[in-house]
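Number of protein chains: 4
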Amino acid sequence: MIKAGIIGSTGYAGQEIVRILLGHKDAEIKWYGSRSYIDKEYASVFANMFELVPDICRGEDLNALCEEVDVVFTATPQGLCSTLVNEEVLSKIKIIDLSADFRIKDVETYESWYGIRHGSPEFIEEAVYGLCEINREKIKTARLVANPGCYPTCSFLSIYPLARAGLIDMKSIIIDAKSGTSGAGRGAKVANLFCEVNESIKAYGVASHRHTPEIEEQLSYASGQETIINFTPHLVPMNRGILVTAYADVTREVSQEELRSLYEEAYRGEQFVRVLKNGLCPETRWVEGSNYTDVNVKYDPRTRRVIMMGAMDNLVKGAAGQAVQNMNLMFGLPENTGLMMPPVFP
Amino acid sequence: MIKAGIIGSTGYAGQEIVRILLGHKDAEIKWYGSRSYIDKEYASVFANMFELVPDICRGEDLNALCEEVDVVFTATPQGLCSTLVNEEVLSKIKIIDLSADFRIKDVETYESWYGIRHGSPEFIEEAVYGLCEINREKIKTARLVANPGCYPTCSFLSIYPLARAGLIDMKSIIIDAKSGTSGAGRGAKVANLFCEVNESIKAYGVASHRHTPEIEEQLSYASGQETIINFTPHLVPMNRGILVTAYADVTREVSQEELRSLYEEAYRGEQFVRVLKNGLCPETRWVEGSNYTDVNVKYDPRTRRVIMMGAMDNLVKGAAGQAVQNMNLMFGLPENTGLMMPPVFP
Amino acid sequence: MIKAGIIGSTGYAGQEIVRILLGHKDAEIKWYGSRSYIDKEYASVFANMFELVPDICRGEDLNALCEEVDVVFTATPQGLCSTLVNEEVLSKIKIIDLSADFRIKDVETYESWYGIRHGSPEFIEEAVYGLCEINREKIKTARLVANPGCYPTCSFLSIYPLARAGLIDMKSIIIDAKSGTSGAGRGAKVANLFCEVNESIKAYGVASHRHTPEIEEQLSYASGQETIINFTPHLVPMNRGILVTAYADVTREVSQEELRSLYEEAYRGEQFVRVLKNGLCPETRWVEGSNYTDVNVKYDPRTRRVIMMGAMDNLVKGAAGQAVQNMNLMFGLPENTGLMMPPVFP
Amino acid sequence: MIKAGIIGSTGYAGQEIVRILLGHKDAEIKWYGSRSYIDKEYASVFANMFELVPDICRGEDLNALCEEVDVVFTATPQGLCSTLVNEEVLSKIKIIDLSADFRIKDVETYESWYGIRHGSPEFIEEAVYGLCEINREKIKTARLVANPGCYPTCSFLSIYPLARAGLIDMKSIIIDAKSGTSGAGRGAKVANLFCEVNESIKAYGVASHRHTPEIEEQLSYASGQETIINFTPHLVPMNRGILVTAYADVTREVSQEELRSLYEEAYRGEQFVRVLKNGLCPETRWVEGSNYTDVNVKYDPRTRRVIMMGAMDNLVKGAAGQAVQNMNLMFGLPENTGLMMPPVFP
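Protein chains in written order, with the numbering used here: chain A, 46 to 391; chain B, 46 to 391; chain C, 46 to 391; chain D, 46 to 391.
So this is what it looks like as structure tokens:
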């Protein structure tokens with residue numbers, strides 16, 4: 046039985062790790078870390094956990110945590126994890142970091158986009174980018190996994206088959222993404238009040254969102270080419286879900302059939318990526334609550350562009366689900382352990 | 046392994062049975078019945094089931110079904126199940142009827158409120174009302190279970206502890222209930238379009254809703270007294286969830302502490318009914334996707350009335366979850382098999 | 046041209062006064078008061094007002110305000126207005142107070158339910174309760190109007206015809222009310238975040254909500270009898286709208302026709318109260334953005350109770366619209382000036 | 046007083062024309078046309094109009110209509126208006142067609158994208174494309190106005206300043222649009238039920254939506270160059286609103302300041318197009334219920350692309366509001382008559 050600790054268990058992503066691990070037969074949570082709710086009952090913060098989680102919230106003392114657990118999930122704002130990690134910690138426990146601290150290999154890029162100094166650049170090289178479908182083997186032996194961002198996961202999985210096939214111009218990619226509001230976190234801000242979000246849609250972080258370099262880096266690896274993208278996220282009046290609509294110029298004449306065969310080939314055997322039937326568009330309602338990403342592609346012969354689409358639950362495959370998928374790989378368990386819940390509809 | 050068939054698998058409740066049974070280790074679905082989508086892939090009707098359910102929708106031929114399954118769930122409009130049931134069928138399979146056909150013991154009451162003739166009144170007596178927390182022992186040996194209505198389940202569980210204690214005037218009860226829109230079914234009606242439901246709330250079926258006699262009958266059994274209620278359902282712009290706010294006059298002086306102890310006593314050992322801490326009100330967000338009903342009670346000394354409250358997911362404990370709970374009891378399985386999913390929030 | 050000032054113009058109710066007065070041909074806003082956004086452009090707080098309101102937010106200096114305006118709307122938390130009012134102020138300007146400070150005639154009741162000391166009890170007697178349909182004549186000559194609460198307005202208008210006719214037992218009334226989230230204000234609280242409110246419904250303030258004594262007082266006046274009620278508000282995942290479902294025992298045999306004729310009689314000639322056709326239930330979608338309250342009644346012969354129903358936009362007739370209606374009366378204008386906007390649907 | 050008739054008054058766009066004309070001092074509705082609700086009270090179809098509209102729905106007999114009105118709005122599916130129009134009709138009344146029948150000058154393009162034969166191609170040349178900000182002078186003398194589509198209006202206004210300045214490559218434009226559900230109409234379809242739309246977002250009509258050639262044609266006029274675009278609409282869980290996020294390559298080095306000055310210049314003096322302050326993104330919540338389109342632009346020096354953004358109420362500026370704006374122009378009224386309602390928030 047894997048003993049797990051969660052730093053940041055009282056945010057939306059942290060709570061989703063709790064929900065998933067409660068149904069995981071080989072793991073148990075030993076530490077519910079929180080900054081704001083320390084010494085309070087976890088179930089008083091998230092009442093869905095009443096009678097399921099009797100625990101009290103604890104702090105973020107990583108040294109103490111190391112003595113009690115085998116793995117720590119850090120579901121915290123940027124900058125925290127990199128200040129906590131050190132060789133002694135990593136010699137005792139595995140870390141799955143849901144923040145951006147170890148996702149970007151170039152520390153200057155990280156510091157420039159995030160506007161903070163990195164707390165432990167010496168571990169960036171070791172950290173494995175935890176996109177399971179791509180880095181499965183490296184994850185299995187990792188001590189420190191950088192769990193991918195929600196937008197990057199959905200964007201990358203939507204584009205990957207054509208990027209690695211060399212079929213799209215890697216400087217022509219435009220990603221127009223839409224996210225449910227849980228992605229904005231549980232902080233008390235006027236902009237995230239019900240009456241401000243409901244009955245509205247807006248773009249934000251236009252040409253400046255921090256997930257941009259993360260997506261570019263991963264697509265560069267996949268394609269072997271420098272990748273520069275436009276990435277525009279939007280806030281949608283719904284709780285969960287990310288939808289990606291991505292556009293790119295093709296590099297040569299191509300047919301709809303060939304495009305689809307590249308998707309099918311890229312994700313053959315992948316349980317958590319579903320290539321939809323030809324003509325169907327991903328919709329977030331069909332993946333809610335599950336670890337699936339649904340993808341599809343459409344060729345537009347008028348413009349010689351492809352439209353690449355993906356839908357995902359931002360809290361599951363975009364955060365907690367993928368983190369547990371990483372944990373399974375790191376501990377030698379079947380990758381889908383605890384992750385077989387079907388999407389909840391409606 | 047229990048072999049299950051579902052008649053009406055392409056409605057919201059039917060689909061929820063599918064979702065739950067996919068995670069049930071001792072049951073498998075052998076028959077996806079449908080009237081509207083016969084011969085179509087089930088996953089083309091509910092795309093969340095893509096790659097999870099490869100089956101094709103079949104019809105409603107109960108005789109054929111009997112040869113392939115051990116239990117049939119009928120998640121269909123009123124009147125169908127009672128025309129299908131007969132002694133031969135019941136000698137071969139067990140039936141869990143999610144319609145109202147066998148919930149009301151007095152056939153005249155049924156026919157008067159539902160406006161249709163009952164197709165097999167000879168089985169009403171045998172049928173067991175499948176409110177597991179109350180009729181557990183009878184359900185274990187039943188061939189035919191009448192799965193309770195969504196409003197009745199939540200109303201009854203909210204009021205039951207005081208009804209059986211004789212503490213409330215059974216002719217003073219007023220139940221003001223609120224339901225998410227999945228309760229209205231998946232039929233294509235203007236009144237249920239997004240733009241008609243969103244940003245609105247309304248009462249419907251005022252003083253005439255068909256769940257009224259069902260609630261009255263069960264509360265009469267619990268209290269040993271004739272019960273006549275006001276029941277007013279409301280349509281709320283959300284997918285899932287039922288909230289009950291019920292009012293009654295107390296029959297004698299009582300304290301908040303005594304009231305709460307009656308709830309705790311009534312539901313001691315019941316996994317799926319959670320008596321919240323004193324002062325907390327049930328909220329549907331904390332039970333979504335789960336089989337829990339959250340209840341609580343508040344005494345108002347100014348008016349000498351109690352306010353009894355309950356929250357539930359109408360598709361789970363109010364339909365599919367309770368149906369599976371009944372199946373577990375009927376087949377001698379642990380009652381919570383396949384039903385341990387924590388509530389999904391947000 | 047009436048010169049108006051608004052203290053608390055950067056809350057939802059304050060902003061709604063702005064929206065309405067922008068379309069009012071005989072009034073103009075001279076002072077946009079705010080505590081949090083002082084010196085900021087009003088249109089930077091509410092961007093719907095971009096190019097419509099060029100003004101800068103100012104503070105709450107009532108003495109300065111008095112020199113610039115004819116009427117002040119105080120759309121502020123409880124307790125502020127009563128500390129600002131004095132004889133000199135009232136000799137210069139008229140005040141329409143949207144807080145509860147002057148709604149309740151008994152100062153002890155006010156202080157007990159609101160938990161604060163009243164700042165100027167000497168003006169309570171003079172203040173007129175601004176329910177226009179009831180106190181029209183008194184309002185015309187008032188210096189200080191207590192604009193009714195949102196729940197009280199909708200509750201009172203739903204029950205009034207039967208209360209004044211002596212047809213219902215004034216100690217049997219139960220009011221189950223449902224409100225959109227704008228009623229909770231624009232403060233940054235976790236409980237009002239989109240993901241907390243969306244897909245959920247809950248009761249709050251059970252047996253303790255502060256609007257209770259206000260409703261009781263007004264119904265006592267209408268009926269000439271002591272009135273004690275149960276009042277339970279609920280939070281609904283929508284922006285605007287209040288729905289009231291109220292129950293009471295009848296005091297004598299009565300017919301549906303008689304009940305309806307009492308409503309029609311009570312509201313004959315009232316432009317802003319619409320008595321729906323027999324059998325129709327009020328729905329908030331049909332009044333959004335307008336000053337209408339829709340009401341109807343249903344008799345349940347089984348329980349000898351009436352169900353009285355009302356729907357209203359909480360920000361219009363429940364706050365800003367009624368405030369402007371009061372202003373019109375106080376300044377001798379046609380009562381509906383600036384209030385003729387039809388409901389916005391969908 | 047202009048006498049107006051509406052064919053298709055019982056759809057969402059038709060009803061919005063009613064709402065707007067009720068507040069229009071120089072127009073009155075004489076004919077509420079409907080196919081589905083003939084002989085029924087208009088207020089029984091849209092209960093917001095109770096006591097505001099006493100009229101009965103009538104049919105679509107254009108000859109009879111011509112005798113009673115000065116102008117007809119056709120808010121009907123594609124293909125109807127073109128079969129009704131003829132020289133005699135146009136000699137008697139003016140027509141504002143909200144369908145696509147007369148929007149596209151090339152009849153083959155129309156017939157190919159819409160899949161129907163055009164009923165009166167001889168009037169296509171005469172018809173004026175009713176984008177008031179662009180074709181104001183022509184509209185003033187038109188007999189037949191083709192009211193622009195919702196997506197085209199918002200897309201065009203977002204892109205127009207750079208298209209006419211020759212600053213963007215007209216074959217590089219990608220328009221990613223998001224619409225509220227009222228754009229899908231009031232037909233009873235499963236796909237538009239509350240539970241299907243709520244908590245989800247999806248693309249539809251990918252690379253095949255019928256508004257594509259309309260946008261291309263208008264942008265070609267504006268730029269003087271052949272324009273080929275990618276246009277992808279998305280369905281958003283909200284009632285109203287369209288948001289456009291459009292991308293294009295710049296044709297030469299350009300600064301953010303220059304871009305913004307082009308927008309300010311293009312819309313100087315235009316009341317219904319608001320160029321937001323630098324750095325702000327349009328949001329649909331700020332335009333709901335009003336005739337405004339909010340636009341802005343952002344330059345991304347990394348990719349040398351511009352992101353052009355617009356927000357609009359699809360039922361107002363995207364349909365009924367623009368139709369009334371056209372009517373005002375055609376009848377020599379001030380263009381903003383009846384259209385001064387501020388956006389309704391929240």
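The C-beta atom is built at its ideal place from N, Cα and C for all residues, glycine as well. Computed from a prediction, not measured in an experiment: that's the story for all the values here.
Q: Evaluate contact between the segment 256 to 270 of chain B and the segment 256 to 273 of chain D, counting only Cβ atoms and requiring at least three cross-stretch pairs below 8 Å.
A: no
**Q.** Host beta strand (DSSP E) of K183 of chain D (start-end)
**A.** From DSSP, K183 of chain D is part of no beta strand (DSSP E) but of the alpha helix (DSSP H) over 177 to 185.
**Q.** Under 9 Å by beta carbon: chain G residues contacting F239 of chain A
**A.** No chain G appears in this structure, whose protein chains are A, B, C and D.
Q) Does the beta carbon of T226 of chain D come closer than 9 Å to any beta carbon on chain B? A) yes
Q) Nearest to V289 of chain B by CA position, among B:E309, B:T338, B:D146, is which residue? A) B:T338
Q: Could you spell out where the beta strand (DSSP E) holding M354 of chain D opens and where it closes?
A: 350 to 357
**Q.** Beta-carbon spacing of W331 of chain B, T257 of chain B below 9 Å
**A.** no
**Q.** Other residues of its chain near Q367 of chain B: CB distance less than 7 Å, five sequence neighbours each side excluded
**A.** G175, C177, N192, P193, T198
Q: Kindly indicate which three-state DSSP category K150 of chain D falls into: helix, strand or coil?
A: coil
Q: Between the Cα of A364 of chain D and those of D:A145, D:I83, D:Y82, D:M94, spot the shortest distance and give me the residue it belongs to.
A: D:A145
Q) Mind pulling the chain A residues with CB within less than 9 Å of Q60 of chain B? A) F390, P391
Q: For R330 of chain C, name the three-state secondary structure that DSSP assigns.
A: helix
Q: Answer with yes or no whether the minimum CB distance from Y82 of chain D to chain C is below 9 Å.
A: no
Q) Going along chain A, which residues have a C-beta under 9 Å from L321 of chain B? A) A92, F95
Q: Measure the CB-CB distance between K75 of chain D and E113 of chain D and report whether it falls below 9 Å.
A: yes
Q. Is D84 of chain B buried or exposed, if buried means 16 or more other CB atoms sit within 10 Å of its CB?
A. exposed
Q: Thinking S224 of chain B and I287 of chain B are a contact (beta carbons under 8 Å), I'd like their distance in whole angstroms, please.
A: 5 Å
Q | Distance, E328 of chain B Cα to V63 of chain A Cα | A | 20 Å
Q: Answer with buried or exposed for R297 of chain C, where buried requires no fewer than 16 other C-beta atoms within 10 angstroms of its C-beta.
A: exposed
Q: Kindly say whether A365 of chain C, judged by its beta-carbon, lies nearer than 9 Å to any beta-carbon of chain A.
A: no
Q: Taking H256 of chain B as part of the alpha helix (DSSP H), name the residues at either end of that continuous run.
A: 256 to 268
Q: Could you tell me whether the segment 205 to 223 of chain C touches the segment 276 to 287 of chain C, where touching means 3 or more Cβ pairs closer than 8 Å?
A: yes
**Q.** Option in D:G50, D:Y87, D:E156, D:Y196 with minimal Cα separation from I260 of chain D
**A.** D:Y196
Q. Just reading off the alpha helix (DSSP H) that E133 of chain C is part of, what are its end residues?
A. 132 to 137
Q. How many whole angstroms separate the CB atoms of P388 of chain C and S335 of chain C, which I take to be in contact at a CB cut-off of 8 Å?
A. 4 Å
**Q.** For Y344 of chain C, the residue or residues it bridges with in DSSP
**A.** C:V351
Q) Could one say the Cβ of P99 of chain B lies closer than 9 Å to chain D's Cβ atoms, at least one of them? A) no
Q) Could you check where the beta strand (DSSP E) with L189 of chain A kicks off and where it finishes? A) 189 to 191
Q) What residues in the segment 271 to 304 of chain D have a beta carbon less than 8 Å from any beta carbon of chain A? A) I273, I274, N275, T277, H279, V281, P282, M283, N284, R285, G286, L288, T290, Y292
**Q.** Contact belief for K343 of chain C with V251 of chain B at Cβ below 8 Å, rounded distance in angstroms
**A.** 5 Å
Q) Along chain A, in chain order, which residues have C-beta atoms closer than 7 Å to that of K343 of chain D? A) V251, A252
Q.
Which residue wins for smallest C-alpha separation from Y312 of chain B, given the options B:G160, B:K247, B:R209, B:N237?
A. B:R209
Q: Work out the CA separation of V190 of chain C and G53 of chain C for me, nearest whole Å.
A: 17 Å
Q.
I need the DSSP call for K322 of chain C, collapsed to helix, strand or coil.
A. coil
Q. Candidates C:A233, C:A293, C:R319: which alpha carbon is nearest L207 of chain C's?
A. C:A293
Q. Mind checking if W158 of chain B is an interface residue toward chain A, Cβ cutoff 9 Å exclusive?
A. no
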